[in-house]
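Engineer: Got a structure for you, written out below as structure tokens; questions coming shortly.
Residue numbers (mature numbering (1 follows the signal peptide of the UniProt record, and there is no 0)): -21 to -1, 1 to 1196.
This is how it looks when you write it as structure tokens:
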């Protein structure tokens, strides 16, 4: 396979001249006419970069057409000469990133020595290409208020573009968060990131940013949204391209400091949300400390070396050097939850839920079984656990929990949100370095080399334990980047240009809880026999406290964490040839990449998960008035697992040949025709330590180990089948999926100049995106050992009916079992759950299309209206593979006439004692559930998830309006409005019936308005008012500038609960709610909170918290019915009628530039982020769990990464030479 791919690539290279996959340089193209409109052949065109004197030439053909490619973005002087005509010159022609600019000339008869000056328009129409892009100019990059000075965040200014990452993490080192964009309906994290035209990805799988440059080094930023050029690919929704500056003919130096301090910040929304109490009558909390210093310098200019680099202009070398330091202490007031002193001693008599209802603890050991075999538990007397039942190990672990420092906040469960650190902040240290050299070897050869690197170290605790054992945070967290690129352009003839580029990116990400390392867990009292078997015994462990029987919803904060180390190397080679032949500008080429990804994650070598299930009333159905996970923990019966880690080394090859032809059919009509083929090889592990697909027909060797009694009782098990396969074993390929060889991507677009002021453009193109990293399936080569807490646990890490006594004293009686790799064959994962990647996976694809009109309203402004759509197809999703039949499920679902007790009932366990099941409930338990036994592959304890299914789609339609204005007087305006609808099909509402979930996509925002301005105030030298001023007055009133960036967008659709039936529109009044949402309230109520609960015996009653909230007993007030066990999902994931609040934000700045000397200037100013101090509630602050007493409300005290930062004002100081 590898030879065939390599041979195909080689043949493509020989058959077509190779070209780069992404070109950032600009092109000018046009026609030269005489006064009568006739073509002028053999006219000479010269384009000179005014900053570097870099010169490019071309000659018109017989039709008067010309093209000058590979022009570095910047300001140019364009000169045309022809025999018998006056010389014609256009100054100040601005070429932007990847722009094809039409520049036509009408020559006047006369001597060549005569010259005609023609002024260039500030804004021109796109007459040469159908592709749509948004460009942020050099001035906008330098002057716009950018939070943390991250140039990629300029993408928020563009139509159809939505930032989907964490609102508080937009800094240049927040690589994962700032890679989450949706462009014209694309799925998150599918945008391609480029720098100087080279790949700038940070990891294998999805798309990530590796390196973020210093703003002062950026010349232009381009968001390419609808692309009909075949040289672009590997994206599901646009390309972000940052182009760095080059050195110029003159030495320049800049130094800067951007500074924030506590006194210039508004208070956090979490602090303001704290209600009044007896100890805090006024409510709220003081403003937390905050500091930020972002300082650096930049130097640029020419290099002169005697003899080697003379000043005669034949060879020119320019340099650019940039360095920036970043130091910040970000306010992160922690509101955390720890058990109270009385709870730590077993006294839960004060335990209440958020509705102030008593929570009763039930003794899992004091129970009788009813007729269905379900335990009827008795409550602990006085809600107190006897001291004799408290595990000494649990007590020892508890000693590392901080003690609460204030009462539980009003409206919350007792023992939660009772530990507050108002002054806590996250500390970040970061440096950023860029070195770049540009060579011009005469007028025919140009090259550049660039090195960029940065290093970030963060210290952030999340549970209030700061750099001490038990910390659960990034202490420290590191991201390190190194990026290199070398590029050469050679003009072989005026109509034939070659280009070659090589680049290398290295991205390292490390996360630690360093204070947890070196910790001796024998201090807890865990058995030495266990500790000696751990792959890394010097480690604190991970201790979680979860609500209910399953899931990861924490009641109390967690203790401890593991470490992760990820290394990603991206190598890229690309080449280019451009041939201009008459009306055709043709390109053909190849982009080759190799991505290496090394994971060194220890995971949680020792993890314990305490669930409230063992202390709640019903063993398998959670409720709001019984059970507590910390009480379960004190009894010594948490669930848990121990990971035996693997450090895999992944490798992926990507190759993409393409051909592009831009054909000027007439002076007014241009066609863009292209074809690209992507060979996106699925990742493989260097030593084949990877699972293959699941083979449902393979004979299971477990069948031969079953006892005669088991086979007599369950004769169907004699034909037991189902086995996982392994890469490179038994003819299984070394990759998790087959290579897609048919990823052909046609592109076609047109631009028709209807008249000099109106252009009609449109196109359609197919793209294949970079798949997610679900490829990485290596579970067979690392092992997860599970604790067994009961003789009838229904599933892994799920409480059973009656637990074993004090499991913590000996969590793994069968020992820690090392991974078997592929050697165990069909016995691998026996008694466990697992997932695999579909070997028939197809690369996700996106059809992108647009049609619209661009109108030049004046020389300085234009307006555009465009229909933009996309159809994302074959997107990744997953399916549960090991579920019983629909007919069986019907016997368990009350809604279909069944009873949950039928599925929950215990039957004899046929797998007990079989050694393949060691470390799982199947090895020890006498019984298993009837549901488990009726799975198609009952030897596996779980649903067996099939990943990489191509069942998901997204439909996107929009109308986009943009208006741009650039006045020479100093006003620059960019505004756009987007009206859209986005629908997805993803996942299954009912996998038993293969009923897909289809509805509004989570990113659907029908209305989005954006407004950006830069305005040089009309005062002082060269302005409308005060131009005659002198001396101090002149300096005082000159150089003032104001900028604004405003966004207002519709609210996203709210997530709907999955285990309910919606009885009526939840926006209708009920439960003391009048049907309207007060977004300024302490706990805004977003919908009707009245819930009816359906019990497993079929009875229905109001949820206890609903009664406490005033819903009453009239069931017509109730909007929701919480379904019993085994019911499918009856609600869609989201509804377009139920939306979260709309989001608007405004950033602004005011700066003043002062000329100190002829060349020395100083700038001082203020920048305000979230100027109006508007809060935005995160999706995770909306309580959608129908068992939670706060159901239907927003919980502002919960910190969300989607919250806007409070208003922060930044001081800006610059010195420029």
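Backbone N, C-alpha and C define an ideal beta-carbon position, used for all residues, glycine too.
1) Here's a check: name, in chain order, each residue in its chain whose Cβ is nearer than 6 Å to the Cβ of residue 930, leaving out the five neighbours to either side.
2) Can you give me the C-alpha to C-alpha distance between residue -1 and residue 205, rounded to a whole angstrom?
3) Just the Cα atoms here: how many angstroms apart are residue 88 and residue 70?
4) Are at least three pairs of beta-carbons, each pair with one atom in the segment 656 to 668 and one in the segment 825 to 841, less than 8 Å apart?
5) So, using beta-carbon positions, are residue 316 and residue 233 closer together than 8 Å?
6) For residue 741, which residues does DSSP report across the bridge?
7) CA-CA distance, residue 676 and residue 547?
8) Is residue 1216 near residue 343, with beta carbons less than 8 Å apart?
9) Are the C-beta of residue 991 and some C-beta of chain D separated by less than 8 Å?
10) Give every residue of the same chain whose Cβ lies closer than 6 Å to the Cβ of residue 777, excluding the five residues on either side of it in the sequence, and list them in chain order.
11) Provide the residue(s) that pair with residue 244 in DSSP beta bridges, ordered along the chain.
12) Roughly how far, in whole angstroms, is the beta-carbon of residue 658 from the beta-carbon of residue 701, given that I think they are within contact range, below 8 Å?
13) Relative to the C-alpha of residue 127, which residue among 1188, 587, 595 is closest?
14) Any contact between the segment 978 to 991 and the segment 876 to 883? By contact I mean 3 or more CB pairs, one from each, below 8 Å.
15) Does DSSP put residue 361 in a helix, a strand or coil?
16) For residue 404, which residues from the same chain have a beta carbon less than 8 Å from its beta carbon, with the 5 sequence-adjacent residues on both sides left out?
17) Can you check DSSP and say which residues form a bridge with residue 10?
18) I'd like the span of the alpha helix (DSSP H) that includes residue 407, first residue to last.
19) Quick one: what does DSSP say residue 389 is sitting in, helix, strand or coil?
20) Could you tell me the boundaries of the alpha helix (DSSP H) in which residue 689 lies?
21) Look at the alpha carbon of residue 30 and the alpha carbon of residue 429, and state the distance between them as a whole number of angstroms.
22) Got a sec? Which residues, its chain only, sit under 6 Å from residue 412 by beta carbon, not counting five neighbours each side?
23) Helix, strand or coil for residue 218, going by three-state DSSP, please let me know.
24) How many Å lie between residue 867 and residue 816 at the Cα?
25) I need the DSSP call for residue 206, collapsed to helix, strand or coil.
26) Using a Cβ-Cβ cutoff of less than 6 Å, which residues in the same chain neighbour residue 450 once the five nearest sequence positions on both sides are dropped?
27) Can you give me the C-alpha to C-alpha distance between residue 36 and residue 1115, rounded to a whole angstrom?
28) Among residues of its own chain, excluding the 5 on either side of residue 380, which ones have a beta-carbon nearer than 6 Å to its beta-carbon?
29) In this structure, how does DSSP classify residue 376 when only helix, strand and coil are distinguished?
30) Using a 10 Å radius around the Cβ and a threshold of 16 neighbouring Cβ atoms, would you call residue 583 buried or exposed?
31) Considering just the uninterrupted stretch of the beta strand (DSSP E) at residue 566, what are its terminal residues?
32) Closest to residue 73 by CA distance: which of 121, 7, 717 is it?
33) Can you give me the Cβ contacts of residue 436 inside the same chain, cut-off strictly under 7 Å, excluding the 5 residues immediately before and after it?
34) Once DSSP output is grouped into helix, strand and coil, what is the label at residue -1?
35) Under a three-way DSSP split, which group does residue 881 fall into?
Structural biologist: Considering the structure as presented:
1) Taking the first residue of the chain shown as position 1, residue 930 is located at position 951. Residues of the same chain with a CB within less than 6 Å of the CB of residue 930, apart from the 5 flanking positions on each side, are 856 in chain order.
2) As a first step, residue -1 must be located in the chain shown, where it is residue number 21. As a first step, residue 205 must be located in the chain shown, where it is residue number 226. Any reading at residue -1 is ruled out, since the residue's pLDDT is 39, under 50, leaving its predicted position unreliable.
3) For the purposes of this step, residue 88 is taken as residue 109 along the chain shown, with counting starting at 1. For the purposes of this step, residue 70 is taken as residue 91 along the chain shown, with counting starting at 1. Approximately 21 Å between the Cα atoms of the pair.
4) Verdict: no, contact absent.
5) Residue mapping note: residue 316 aligns to position 337 of the chain shown, counting from 1. Residue mapping note: residue 233 aligns to position 254 of the chain shown, counting from 1. The answer is no: Cβ separation not under 8 Å.
6) In the chain shown, residue 741 corresponds to position 762, counting from 1. BP columns for residue 741 point to 729, 830.
7) Here residue 676 refers to the residue found at position 697 when the chain shown is read from its first residue. Here residue 547 refers to the residue found at position 568 when the chain shown is read from its first residue. Computed Cα separation, rounded: 37 Å.
8) A query on residue 1216 cannot be resolved here, the shown segment of the chain reaching from -21 to 1196 and no further.
9) The question asks about chain D, but that chain is absent: this structure has only one protein chain.
10) Counting from 1 along the chain shown, the entry for residue 777 is found at position 798. Result list for residue 777: 528, 529, in chain order.
11) What you label residue 244 is simply residue 265 of the chain shown in a count that begins at 1. Bridge partners of residue 244: 1187.
12) Here residue 658 refers to the residue found at position 679 of the chain shown. Here residue 701 refers to the residue found at position 722 of the chain shown. Under the criterion of beta carbons closer than 8 Å, residue 658 and residue 701 do not qualify as touching, at roughly 33 Å.
13) In the chain shown, counting from the first residue as 1, residue 127 sits at position 148. With distances taken between CA atoms, residue 127 lies nearest to 1188 out of 1188, 587, 595.
14) With a cut-off of 8 Å, the segment 876 to 883 and the segment 978 to 991 do not count as touching, because too few Cβ pairs lie within range.
15) Against the chain shown, residue 361 aligns to sequence position 382. Three-state result, residue 361: helix.
16) Translated into positions along the chain shown, residue 404 becomes position 425. Non-local beta-carbon contacts of residue 404 in its own chain, meaning distances under 8 Å to residues more than five positions away in sequence, involve 267, 268, 269, 308, 309, 310, 311 in chain order.
17) Along the chain shown, read from residue 1 onward, the residue named residue 10 stands at position 31. By DSSP's assignment, residue 10 forms a beta bridge with 44.
18) Position 428 of the chain shown, counted from the first residue, corresponds to residue 407. First-last for residue 407: 404 to 420, but that is the beta strand (DSSP E), not the alpha helix (DSSP H).
19) Sequence index remark: in the chain shown, residue 389 carries index 410 (1-based). Coil, per DSSP.
20) Here residue 689 is taken as the residue at index 710 of the chain shown, counted from 1. Run containing residue 689: 687 to 692, per the alpha helix (DSSP H) assignment.
21) Numbered from its first residue, the chain shown carries residue 30 at position 51. Numbered from its first residue, the chain shown carries residue 429 at position 450. Using only the alpha carbons, I get a separation of about 19 Å.
22) The residue you call residue 412 lines up with position 433 of the chain shown. Correct list, in chain order: 302, 432.
23) By one-based count along the chain shown, residue 218 stands at place 239. Reduced to three states, the DSSP call for residue 218 is strand.
24) Here residue 867 refers to the residue found at position 888 of the chain shown. Here residue 816 refers to the residue found at position 837 of the chain shown. Put simply, the backbone Cα of residue 867 is about 27 Å away from that of residue 816.
25) Your numbering for residue 206 matches position 227 in the chain shown. Coil.
26) Taking the chain shown and counting its residues from 1, the one referred to as residue 450 is at position 471. Closer than 6 Å at Cβ, skipping near neighbours: 440, 444, 492, 494.
27) As a position in the chain shown, residue 36 is number 57, starting the count at 1. As a position in the chain shown, residue 1115 is number 1136, starting the count at 1. When rounded, the separation of the alpha-carbon atoms in residue 36 and residue 1115 is 56 Å.
28) The count along the chain shown starts at 1 and reaches residue 380 at position 401. Excluding sequence neighbours, residue 380 sits near 317.
29) In the chain shown, residue 376 corresponds to position 397, counting from 1. Residue 376 falls in the helix class under three-state DSSP.
30) To locate residue 583, count along the chain shown from 1; it is residue 604. Answer is buried; the Cβ neighbour count reaches 16.
31) Numbered from 1 along the chain shown, position 587 holds the residue referred to as residue 566. Segment 563 to 578, the beta strand (DSSP E) holding residue 566.
32) Locating residue 73 in the chain shown gives position 94, where the first residue counts as 1. Taking residue 73 as reference, the option from 121, 7, 717 with the minimal CA-CA separation is 7.
33) The residue given as residue 436 occupies position 457 in the chain shown. 408, 455, 457, listed in sequence order.
34) Position 21 of the chain shown, counting from 1, holds the residue named residue -1. Residue confidence is low: residue -1 scores 39 on pLDDT, short of 50, so the model does not pin down where it sits. No coordinate-derived value is stated.
35) Your numbering for residue 881 matches position 902 in the chain shown. Taken through DSSP and simplified to helix, strand or coil, residue 881 comes out as helix.
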